[in-house]
Amino acid sequence: MGLKLRSLKIHIETKDGRLYGSTIHFTEGLNIIRAETTTGKTTCVSAIVYALGLEEIFSKKFSFKPVMSEFVGDEKADGNIVIDSHVFLEISNDRGEIITIKRSVASKNGKDNRLVSVFYEPLLSSSNGRKCLQDDFFVKDEGSAVREKGFYNFLSNFIGWDLPIVMRYNGKESPLYMQCIFPLMIVEQIYGWSGIQSNLPTFFGIKEADRRAIEFIMSLDVYNNLKKIDLLKRDILDLENEWKSLRNSLNECLSPINGFVTNLPDSMGKWNEKNTPSIMVVSENGQFSINEEIANNKNKLKSFEREIPLVRDKVPEVSNELDLTINKLKKEEILLSRLHSDLEAEKTNYDDITQRLSSLAEDLKYSQDIKRIKKYGSIIEWDISKGECPTCHQKISDSLLKENSFVMPIDENISFIRSQIKAFEKIKENSELSIKQKEIKFRSVNENVDTLRSKIRALKKTLISDDRAPSYSDVYEKIVTETKLNSLRKAKETFEENVLKFYEIHKKWSSLKKELDLVPKDGLSSVDLEKLSCLQLLFKQQLITYHFSSFSPQSVELSKNNYKPIDSEGFVLEYRISASDIVRVIWSYLIGLLELSYKYSINHLGIVIFDEPRQQGIKDRDLSELIKRAARSCIHKKQVIFFTSDSEQYLGSVLVDIPEKPNYLNFEGRMIKQLNCAEKE
Numbered sequence: 001m002g003l004k005l006r007s008l009k010i011h012i013e014t015k016d017g018r019l020y021g022s023t024i025h026f027t028e029g030l031n032i033i034r035a036e037t038t039t040g041k042t043t044c045v046s047a048i049v050y051a052l053g054l055e056e057i058f059s060k061k062f063s064f065k066p067v068m069s070e071f072v073g074d075e076k077a078d079g080n081i082v083i084d085s086h087v088f089l090e091i092s093n094d095r096g097e098i099i100t101i102k103r104s105v106a107s108k109n110g111k112d113n114r115l116v117s118v119f120y121e122p123l124l125s126s127s128n129g130r131k132c133l134q135d136d137f138f139v140k141d142e143g144s145a146v147r148e149k150g151f152y153n154f155l156s157n158f159i160g161w162d163l164p165i166v167m168r169y170n171g172k173e174s175p176l177y178m179q180c181i182f183p184l185m186i187v188e189q190i191y192g193w194s195g196i197q198s199n200l201p202t203f204f205g206i207k208e209a210d211r212r213a214i215e216f217i218m219s220l221d222v223y224n225n226l227k228k229i230d231l232l233k234r235d236i237l238d239l240e241n242e243w244k245s246l247r248n249s250l251n252e253c254l255s256p257i258n259g260f261v262t263n264l265p266d267s268m269g270k271w272n273e274k275n276t277p278s279i280m281v282v283s284e285n286g287q288f289s290i291n292e293e294i295a296n297n298k299n300k301l302k303s304f305e306r307e308i309p310l311v312r313d314k315v316p317e318v319s320n321e322l323d324l325t326i327n328k329l330k331k332e333e334i335l336l337s338r339l340h341s342d343l344e345a346e347k348t349n350y351d352d353i354t355q356r357l358s359s360l361a362e363d364l365k366y367s368q369d370i371k372r373i374k375k376y377g378s379i380i381e382w383d384i385s386k387g388e389c390p391t392c393h394q395k396i397s398d399s400l401l402k403e404n405s406f407v408m409p410i411d412e413n414i415s416f417i418r419s420q421i422k423a424f425e426k427i428k429e430n431s432e433l434s435i436k437q438k439e440i441k442f443r444s445v446n447e448n449v450d451t452l453r454s455k456i457r458a459l460k461k462t463l464i465s466d467d468r469a470p471s472y473s474d475v476y477e478k479i480v481t482e483t484k485l486n487s488l489r490k491a492k493e494t495f496e497e498n499v500l501k502f503y504e505i506h507k508k509w510s511s512l513k514k515e516l517d518l519v520p521k522d523g524l525s526s527v528d529l530e531k532l533s534c535l536q537l538l539f540k541q542q543l544i545t546y547h548f549s550s551f552s553p554q555s556v557e558l559s560k561n562n563y564k565p566i567d568s569e570g571f572v573l574e575y576r577i578s579a580s581d582i583v584r585v586i587w588s589y590l591i592g593l594l595e596l597s598y599k600y601s602i603n604h605l606g607i608v609i610f611d612e613p614r615q616q617g618i619k620d621r622d623l624s625e626l627i628k629r630a631a632r633s634c635i636h637k638k639q640v641i642f643f644t645s646d647s648e649q650y651l652g653s654v655l656v657d658i659p660e661k662p663n664y665l666n667f668e669g670r671m672i673k674q675l676n677c678a679e680k681e
């Protein structure tokens, strides 16, 4: 990818028919465009940016100076009112393709300035006068970055950019707009010299747009890695939720038989695949595996295979069994009441533990805050710590402990609270498990009570039935046993159908966890770190060369968080240095990014444009070093363009010693002048 400016042409027509304009031809390497102040340099920079559709780096509602849209000259008069003006910009890419862009500012034909015309010929540098192929595009409207007729879409393809999709603050995705990227290559005079990317538009609502732009320019893997981490974490969470949902559904399915799954924890991270999951069933005689419970009910059912006895043959036995069942029911009801009390007590205990954890969390925050303000130098003491009541000022002790008791230091107190939180979290986990077990036991006993009551009714009905009829209690017992056996078999079948899903989910989860472990935690790959290290070296070298003096340049680093300069204490550099050093920082950073493209294949377009690089009283020696360094760009087939009002004498003294001769253009008077016949369009 790449972009080079070849020629710029400004064309203006006034009401009285006169034509004005300016043409600038650029070359590879360093271009110095010199003119006095207030003679049109910034207008030319604006024209370049405007032709590329990037005027939003100036402001959301950009407007040219009057010369392009209102009147030509110092004062407005009827004859010098602008009726038509447009900008031509001839550019090329690294594939050798050349196009000329035309965009209107004011139009006598009613053309909207959102229309951009592209000619597939070098109209400004070597046009043969023949009619050439032309396409029209739109800018600044929805879709201009993605649709076929959107100019930003066309331009990004022309220069070789594949714009990344990024998140916006409204939760939606959008391309990383070109207007957010170009402030790393273009610095205009009005807004650009207050900091790195200071003219980056924020109204697009892109999250961390400055960081995303740097990542894109440097072709860092970090953004894709962070997106990958986010997607992997999301997929892992989905699998964990699927695991919990499946486990809960399975437990609900086992609830009618008072069953629960063993060797299948709530969290996949705690599961050992070697421990095969199984079903345990709670009955009146204890806990049994589901296979044992099925076998017990099968044996019980076999006893009913013979002919069911008549009532007259069962009266003594039924009468005795009725007494035993009534006694058993009383015991079960007592047990049920006790289990209910135990369950409620455990739930209360669980709530107390939860409340205790909440209090400990507050204590931890408070202790950490106390440590923080002490670290920052606070020497304020509470009245109570002086042995005085803050309300009535009576003498009191601030502790119930003895005078010689040891008071725990703040760091130890924080460690102690953390250990307490860890211990109570384990207690809470055990309490939660205990509640589940007690609920299963309570459900089992409650069901058994219902069964005993039904059995008592069946036994009583047997005793009052016709003595020639089959025993009602035996019939009832057989039906109950058959129903329970069917429920057990169905539960086992459901479990066996679903248990393999747990292995599949765990296998996917383990694979994603391994993949996540391979991605750098901060997203920065080894190549990313290498690029950042190289940029930091280039940046520091230039700070030294340009005599950065707010503090030692060696103490400056690039943040791993947003890739911008920070000092040794981690503070943003631009807030801690002089105004002239801010300018040196911008030079160093943007030229550093350009020079990074000498070594690495990155998304930098190989172009830097500075409007009035001498700012804030920068000394001659420092600007001279910048010019010499920028001139080396021609060796690497890159392009640097400076618009400056420095004196001819000064520039001549600097340029004479530069072996890579820059393209030096000196404009006498105004840059936008009335055109003669030969210069007219």
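Read the sequence shown against this note's numbering and you will find it ends at 681, with the numbers running on by one and no gaps.
Virtual Cβ for every residue (Gly too), placed ideally from N, Cα, C.
Check	Outcome
So, is Lys4 buried or exposed, given that buried needs 16 or more other C-beta atoms within 10 angstroms?	buried
Any chance the stretch 26-45 sits against the stretch 121-140, with 3 or more Cβ pairs inside 8 angstroms?	no
What residues in its chain sit with their C-beta under 6 angstroms from that of Ser219, if we drop five residues either side in the sequence?	Ile602, Asn603
Could you name the residues that DSSP lists as bridge partners for Val281?	Gly259, Phe288
Would you tell me roughly how many angstroms separate the C-alpha atoms of Ile410 and Arg372, rounded to the nearest one?	10 angstroms
Within 10 angstroms of its Cβ, does Ile635 collect 16 or more other Cβ (buried), or is it exposed?	exposed
Go to Thr42, then tell me how far its alpha helix (DSSP H) extends in each direction, as first and last residue.	41-51
Does the separation of the CB atoms of Gly570 and Leu535 fall below 9 angstroms?	no
Distance check for Ser7 and Ser125, CA to CA, integer angstroms please.	7 angstroms
Residue ranges of each beta strand (DSSP E) run of no fewer than 3 residues wholly in the stretch 124-156, ordered along the chain?	134-138
Pull up the DSSP beta-bridge partners for Met268, would you.	DSSP, once it has assigned bridges, lists no residue as partnering Met268.
Alpha carbon to alpha carbon, how far is Lys274 from Leu264?	11 angstroms
Using the Cβ count rule (16 or more neighbours within 10 Å means buried), how would you classify Gln355?	exposed
Taking the continuous beta strand (DSSP E) assigned at Met167, which residues delimit it?	165-167
Given a threshold of 16 other Cβ atoms within 10 Å of its Cβ, counted over all protein chains shown, does Asn676 qualify as buried or as exposed?	exposed
Classify Gly17 as buried or exposed, calling it buried when 16 or more other Cβ atoms lie within 10 Å of its own Cβ.	exposed
Rounding to the nearest angstrom, what Cα-Cα distance links Tyr152 and Val146 in this structure?	7 angstroms
According to DSSP, is Leu651 part of a helix, a strand, or is it coil?	helix
Using CA coordinates, which residue listed in Ser578, Pro175, Leu532, Ser278 is at the minimum distance from Phe548?	Ser578
Going by DSSP, what residues sit across from Arg211 in a beta bridge?	Partner(s): none; Arg211 has no beta bridge.
Please report the distance separating the alpha-carbon of Phe667 from that of Val116.	29 angstroms
Output needed for Ala630: all residues of its chain with C-beta closer than 6 angstroms, excluding positions within five of it in sequence on either side, in chain order.	Leu30, Val640
With a CB to CB cut of under 7 angstroms and the five nearest residues on each side skipped, what residues in its chain are close to Lys513?	Ile236
Within the same chain, show all residues whose beta-carbon is closer than 8 angstroms to that of Glu242, passing over the 5 residues directly before and after it, in chain order.	Ile505
Can you check the stretch 503-564 for any alpha helix (DSSP H) of at least 4 residues that lies completely inside it and give the ranges in chain order?	526-545
When the Cα atoms are used, what is the spatial distance from Asp84 to Phe71?	11 angstroms
Suppose the cutoff is 7 angstroms on Cβ atoms and the five residues either side in sequence are ignored; what does the same chain contact list for Pro122 look like?	Arg6, Glu90, Ile98, Thr100
Select from Val585, Gln189, Val449 the residue whose C-alpha is nearest the C-alpha of Ser283.	Val449
Any idea what DSSP makes of Ser107, helix, strand or coil?	coil
With a threshold of 7 angstroms on Cβ separation, who are the neighbours of Asp522 within its own chain once the five nearest residues in sequence on each side are excluded?	Lys560
Have a look at Ala35 and Asp646 and give me their C-alpha separation to the nearest angstrom.	8 angstroms
List the residues that DSSP assigns as beta-bridge partners of Glu333.	DSSP, once it has assigned bridges, lists no residue as partnering Glu333.
In its own chain, which residues sit with a C-beta less than 6 angstroms from the C-beta of Thr262, not counting the 5 before and 5 after it?	Ser278, Met280
With Ser230 as the anchor, note down where its alpha helix (DSSP H) starts and where it stops.	Here residue 230 turns out to be Asp, not Ser, going by the sequence shown. Its alpha helix (DSSP H) spans residues 222-254.
Just to confirm the assignment, what range does the beta strand (DSSP E) spanning Gly21 have?	19-25
Indicate whether Leu532 and Leu558 have their beta-carbon atoms separated by less than 9 angstroms.	yes
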